[in-house]
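S.K.:
Numbering (the working numbering), first residue to last: 2 to 361.
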């Protein structure tokens, strides 16, 4: 076991099993040995490739969507444009490129990147160094929710990396799935000694013994706070991630990925990316609790097609004929049901009185 795994085992020996949420927080965010402190996860040589890294078209279409949502609400200023989990800054760079088509929007915005990793902040600063808008960084989203004026937020593959809790249906009802130790120092899964008063949404169906139910309190809390800000000041949030809707049933989705291959969740903490499918129905419920209206989820493929990715790809290919095959392959990867087109979904959060946004 690696050094971070040994530290977690000592923590468990001292205080007992820990929740999966606490395990994920340590494995991903430990300032010295955690995944985001030690790994370079994004890109073709990293652990995963995100949509913005596949093609500039993804971010450009999202940028055009944001500008249109701003126009639909009266083009009010000033505007705060926030990205959660901005990676290397590729998505925001593409969003801002599309925003140049509306100089009034570009002149009205300040960009806030919510990022805790010093290494990724440096990459983002390099990527956005020539941006024609003010850019600043925040450690926490809450630092930017009270700016005043409309709030526009984009999050691509952010919510899947937030800590989750897992509950297992047993003869004693729902018990929390924990991370413990086998007595020899190896990390293992265990169950809480007492059941908890968990009530999954009824549309999930009737659980069988051994059924696993996942929740993400941090994700739902973030969406509710964002929704409250949008309800008060206008704006929109666009969330794209992989996950499921209201009728998904039950099941475990927690996974570890290292160098684009699956790994054991408890093996070598800090060396693999940990993530879980996003519960879009729960996020929509949180948005409505915050006083807004949620649209979607819709599949990423259908969403991008409705925004005009086919036309955008054709124009891009005409301008770059030597890249035609590469552009076509990128579109296929983004929209095909066999790749990212259905597993990945989009959800939009807008004021209750706002028009239905494009793509929904």
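Beta carbons: idealized from backbone N, C-alpha and C, even for Gly.
Report yes if the CB atom of residue 165 is closer than 7 Å to the CB atom of residue 277, and no otherwise.
M.R.: Sequence index remark: in the chain shown, residue 165 carries index 164 (1-based). Sequence index remark: in the chain shown, residue 277 carries index 276 (1-based). In this structure, residue 277 lies closer than 7 Å to residue 165 by Cβ.
S.K.: Per the contact definition of three or more C-beta pairs closer than 8 Å, is the region 218-236 in contact with the region 175-183?
M.R.: The region 175-183 is not in contact with the region 218-236.
S.K.: Going by the CB atoms, is the gap between residue 78 and residue 109 shorter than 7 Å?
M.R.: Along the chain shown, one-based indexing puts residue 109 at 108. Along the chain shown, one-based indexing puts residue 78 at 77. Contact flag set, yes.
S.K.: Between which two residues does the alpha helix (DSSP H) carrying residue 167 extend?
M.R.: For the purposes of this step, residue 167 is identified with residue 166 of the chain shown, where counting begins at 1. Note, residue 167: premise wrong, no alpha helix (DSSP H); beta strand (DSSP E) at 166-171.
S.K.: Quick one: does residue 214 have its CB under 7 Å from some CB of chain E?
M.R.: Structure shown: chain E not included; a single protein chain is present.
S.K.: In angstroms with no decimal places, state the Cα-to-Cα distance between residue 145 and residue 228.
M.R.: Here the question's residue 145 lines up with position 144 in the chain shown. Here the question's residue 228 lines up with position 227 in the chain shown. Cα-Cα distance, rounded: 13 Å.
S.K.: Out of curiosity, what's the CA-to-CA distance linking residue 44 and residue 173?
M.R.: The residue given as residue 44 occupies position 43 in the chain shown. The residue given as residue 173 occupies position 172 in the chain shown. Low per-residue confidence applies at residue 44: pLDDT is 48, beneath 50, and the placement is therefore not dependable, though the value from the model is reported in the following sentence. Answer to the nearest angstrom: the Cα atoms are 45 Å apart.
S.K.: Is residue 319 buried or exposed, if buried means 16 or more other CB atoms sit within 10 Å of its CB?
M.R.: Here residue 319 refers to the residue found at position 318 when the chain shown is read from its first residue. The residue in question, residue 319, is exposed, as its Cβ has fewer than 16 Cβ neighbours within 10 Å.
S.K.: Can you tell me whether residue 256 is helix, strand or coil according to DSSP?
M.R.: In the chain shown, counting from the first residue as 1, residue 256 sits at position 255. In the structure shown, residue 256 sits in a strand (DSSP, three-state: E or B).
S.K.: Would the region 49-60 count as touching the region 79-94 if we require 3 or more Cβ pairs under 8 Å?
M.R.: With a cut-off of 8 Å, the region 79-94 and the region 49-60 count as touching, because enough Cβ pairs lie within range.
S.K.: Are residue 19 and residue 153 close, meaning C-beta to C-beta below 7 Å?
M.R.: On the chain shown, position 18 is the one that residue 19 refers to. On the chain shown, position 152 is the one that residue 153 refers to. Their beta carbons are not under 7 Å apart, which means residue 19 does not touch residue 153 by this criterion.
S.K.: From residue 127 to residue 136, what does the alpha carbon distance come to, in whole angstroms?
M.R.: Residue mapping note: residue 127 aligns to position 126 of the chain shown, counting from 1. Residue mapping note: residue 136 aligns to position 135 of the chain shown, counting from 1. Their Cα atoms are separated by approximately 12 Å.
S.K.: Taking only runs of the beta strand (DSSP E) that begin and end inside the region 205-249, which ones reach a length of at least 3 residues, in chain order?
M.R.: Segments of the beta strand (DSSP E) lying fully in the region 205-249: 213-216 and 236-245.
S.K.: What are the start and end residues of each continuous alpha helix (DSSP H) run of 4 or more residues lying completely inside the region 146-205, in chain order?
M.R.: Taking only runs of at least 4 residues, no alpha helix (DSSP H) segment lies wholly in the region 146-205.
S.K.: Is DSSP giving residue 294 helix, strand or coil here?
M.R.: Start at 1 with the first residue of the chain shown, and residue 294 comes out as number 293. Strand at residue 294.
S.K.: Taking Cβ to Cβ, would you say residue 281 is nearer than 7 Å to residue 270?
M.R.: For the purposes of this step, residue 281 is identified with residue 280 of the chain shown, where counting begins at 1. For the purposes of this step, residue 270 is identified with residue 269 of the chain shown, where counting begins at 1. The answer is no: Cβ separation not under 7 Å.
S.K.: Could you tell me which residues DSSP puts in a beta bridge with residue 115?
M.R.: The residue you call residue 115 lines up with position 114 of the chain shown. The partner list for residue 115 (beta bridge, DSSP) reads 85 and 139.
S.K.: Cβ atoms of residue 58 and residue 240: under 7 Å apart, would you say?
M.R.: Within the chain shown, residue 240 is the residue found at index 239, counting from 1. Within the chain shown, residue 58 is the residue found at index 57, counting from 1. No, Cβ-Cβ distance for residue 240 and residue 58 is not below 7 Å.
S.K.: Could you check if residue 214 is buried or exposed, using at least 16 other CB atoms within 10 Å of its CB as the buried criterion?
M.R.: Here residue 214 corresponds to residue number 213 of the chain shown, with the count starting at 1. So residue 214 counts as buried.
S.K.: Considering only C-alpha positions, which residue in the set 226, 102, 233 and 275 is nearest to residue 22?
M.R.: Position 21 of the chain shown, counting from 1, holds the residue named residue 22. The shortest C-alpha separation from residue 22 is found at 275.
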